[in-house]
Amino acid sequence: SGMYLGEIVRRVLLRMAEAGSLFGSSVPEKLQTPFSLRTPHMCAMQQDKSSDLKAVGSVLYNEVGVDSDTKAREIVLEVCDTIVKRGGRLAGAGMVGILEKMEEDTKGLIFGKRTVVAMDGGLYENYPEYRGYLQDAGLELLGPELSQKIVIEHSKDGSGIGAALLAAANSKCRHST
1 SGMYLGEIVR RVLLRMAEAG SLFGSSVPEK LQTPFSLRTP HMCAMQQDKS SDLKAVGSVL
61 YNEVGVDSDT KAREIVLEVC DTIVKRGGRL AGAGMVGILE KMEEDTKGLI FGKRTVVAMD
121 GGLYENYPEY RGYLQDAGLE LLGPELSQKI VIEHSKDGSG IGAALLAAAN SKCRHST
């Protein structure tokens with residue numbers, strides 16, 4: 001989902017610019033260019049805690065050719081937060097769904113003890129708001145008691161390690177039959 005979050009924000013901002021006057025009377029050409037706003041730009045904007053949101057203004061100007069006032073920057077941050085919240089909560093719901101299926105398949109072995117979920121990817125690693133929303137979704141869906149036993153850890157090259165573990169398990173199963 002990290003590849004598309006910035007594009008979703010760009011499309012929302014484009015619609016808002018076309019429908020109203022978010023960035024003035026015209027729609028900047030660069031804002032109309034697909035993938036001109038990327039997820040790292042969203043993350044950078046959300047880290048801006050200054051009163052005038054100068055970093056937000058810089059990203060908007062440099063990446064999509066938009067001159068903005070503080071009010072427009074606040075709206076852009078709200079759009080970014082809404083989109084990243086949706087992405088994090090969807091990922092959290094997917095994680096909980098997988099855990100619940102594993103719990104069902106193992107007849108109660110997952111939620112009864114500490115379970116570590118290995119999470120790979122730059123989005124989880126580098127975007128604190130996304131990571132927080134994912135964890136919040138897990139807490140909300142599992143409840144405080146169960147969620148205390150679920151630990152989400154960042155795992156570098158998790159997909160490569162996972163593939164190796166599956167191959168090893170498959171090889172062991174084939175040799176034992």
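Residue numbers (UniProt numbering): 1 to 177.
Where a beta carbon is used, it is the ideal one built from N, C-alpha and C, also for glycine.
Since this is a predicted model, take the numbers as computed values, not measurements.
Enumerated in chain order, which unbroken segments of the alpha helix (DSSP H) with a length of 4 residues or greater are wholly contained in the segment 130–169? Counting whole runs of 4 or more residues, the segment 130–169 contains no alpha helix (DSSP H) stretch at all.
Are there three or more Cβ pairs, one per stretch, closer than 8 Å when the segment 41–52 is compared with the segment 13–24? No: the two stretches stay apart, fewer than three of their Cβ pairs being nearer than 8 Å.
Smallest Cα separation from Ser26: which of Met45, Ser68 and Ile8? As a first step, residue 26 is located in the sequence shown; it is residue number 26 there, counting from the start. The shortest Cα separation from Ser26 among Met45, Ser68 and Ile8 belongs to Ser68.
Could you have a look at Thr115 and say whether DSSP puts it in helix, strand or coil? Position 115 of the sequence shown, counted from the start, is the residue given in the question as residue 115. Strand.
Comparing C-alpha positions only, which one of Gly24, Pro34, Ser58 and Thr106 sits nearest to Tyr4? Counted from its first residue, the sequence shown places residue 4 at position 4. Measuring from the Cα of Tyr4, the nearest candidate turns out to be Pro34.
Going by DSSP, what residue range makes up the alpha helix (DSSP H) through Tyr4? For the purposes of this step, residue 4 is identified with residue 4 of the sequence shown, where counting begins at 1. Residue range Gly2 to Ala19 is occupied by the alpha helix (DSSP H) that includes Tyr4.
Should the segment 90–108 be called in touch with the segment 72–80, which here means at least 3 C-beta pairs below 8 Å? In short, these stretches do not touch, since the Cβ pair count stays below three.
Need the endpoints of the alpha helix (DSSP H) that Asp81 sits in, please. For this step, residue 81 is matched to residue 81 along the sequence shown. Residues Thr70 to Asp105.
Closest by C-alpha distance to Val116, when choosing among Ile152, Arg131 and Gly92: By one-based count along the sequence shown, residue 116 stands at place 116. When the alpha-carbon of Val116 is set against those of Ile152, Arg131 and Gly92, the nearest one is in Ile152.
Could you check which residue in Gly121, Ile150 and Val56 has the C-alpha nearest to that of Ala137? Numbered from 1 along the sequence shown, position 137 holds the residue referred to as residue 137. Nearest in C-alpha terms to Ala137, of all of Gly121, Ile150 and Val56, is Ile150.
Can you tell me where the alpha helix (DSSP H) with Leu123 in it begins and where it stops? Your numbering for residue 123 matches position 123 in the sequence shown. Residues Gly122 to Asn126.
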